[in-house]
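S.K.:
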Amino acid sequence: MKKVITYGTFDLLHWGHINLLKRAKDLGDYLIVAISTDEFNALKDKKAYHSFENRKMILESIRYVDEVIPEDNWAQKKEDIIREGVDIFVMGDDWKGQFDELSDVCEVVYLPRTIGISTSQIKDDLLQVTNG
Ligand code: C2G
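In short: position in the sequence shown from 1, add 406, done, that's the working numbering.
(1) Can you name the start and end residues of the beta strand (DSSP E) that I488 belongs to?
(2) By the three-class DSSP mapping on this structure, what secondary structure does G498 have?
(3) Count Cβ pairs between the region 421-434 and the region 446-463 that sit closer than 8 Å; are there 3 or more?
(4) Quick one: what's got a C-beta closer than 7 Å to K539's C-beta in the same chain, skipping five residues either side?
(5) I'd like to confirm something about S442: is its beta-carbon nearer than 7 Å to some heavy atom of the ligand C2G, or not?
(6) In the DSSP output, which residue or residues are listed as bridge partners for S442?
(7) Strictly under 8 Å for the Cβ-Cβ distance: is E466 near chain D by that measure?
(8) Which first and last residues belong to the alpha helix (DSSP H) in which I468 is found?
(9) With respect to the beta strand (DSSP E) encompassing G414, which residues constitute its N-terminal and C-terminal limits?
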């Protein structure tokens with residue numbers, strides 16, 4: 407069984423996230439998603455709208471996702487990959503090159519980001535609507 411892993415906040419889940427998850431799952435048979443905890447998001451200077459628990463529940467309901475684990479630091483990836491027996495590490499290509507060191511424990515794949523959608527875009531658009 408080929409295992410795939412990806413990491414992210416996945417806040418205000420949108421079709422760009424789904425595109426990423428679908429393509430990641432298509433690379434193997436089992437997809438693990440490591441979701442950033444609220445505390446780790448603070449380290450990423452991100453404040454998610456949905457709590458970790460609710461983002462986890464949403465991700466677990468997606469057909470492409472087989473398992474969700476917490477991401478609570480930058481340094482856990484190699485350990486996760488070895489512990490879970492992961493074959494492929496996947497991220498959107500906004501992260502291209504950032505995790506190449508993982509290629510000594512698994513295949514590293516950067517997938518093209520989906521253009522035209524992002525959580526910050528959603529927030530900005532909603533602000534526009536509210537403020538008129
Ligand atoms: N993504 C995408 N297309 C978009 C938006 C996001 O392909 N339009 C991808 C990102 O490239 C990332 C994943 O969806 O691979 C999750 O995006 P975020 O929730 O923004 O994750 P991020 O904050 O980049 O956290 O240790 C890695 C970090 O936790 C990644």
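Ideal placement from N, C-alpha and C gives every residue a C-beta, glycine not left out.
M.R.: The structure says:
(1) Your numbering for residue 488 matches position 82 in the sequence shown. No beta strand (DSSP E) holds I488; the alpha helix (DSSP H) holding it covers 483-490.
(2) Numbered from its first residue, the sequence shown carries residue 498 at position 92. Three-state result, G498: strand.
(3) Contact between the region 421-434 and the region 446-463 is absent, with fewer than three C-beta pairs closer than 8 Å.
(4) Since the first residue of the chain shown is 407 and the last is 538, residue 539 is not available in this structure.
(5) For the purposes of this step, residue 442 is identified with residue 36 of the sequence shown, where counting begins at 1. For S442, the shortest C-beta to heavy atom distance toward the ligand C2G is below 7 Å.
(6) The residue given as residue 442 occupies position 36 in the sequence shown. Answer is E477, bridged to S442.
(7) Protein chains in the displayed structure number just one, and chain D is not present.
(8) The residue you call residue 468 lines up with position 62 of the sequence shown. According to the DSSP assignment, I468 belongs to no alpha helix (DSSP H), since it is labelled neither H nor E.
(9) What you label residue 414 is simply residue 8 of the sequence shown in a count that begins at 1. 409-414 is the span of the beta strand (DSSP E), which, as asked, contains G414.
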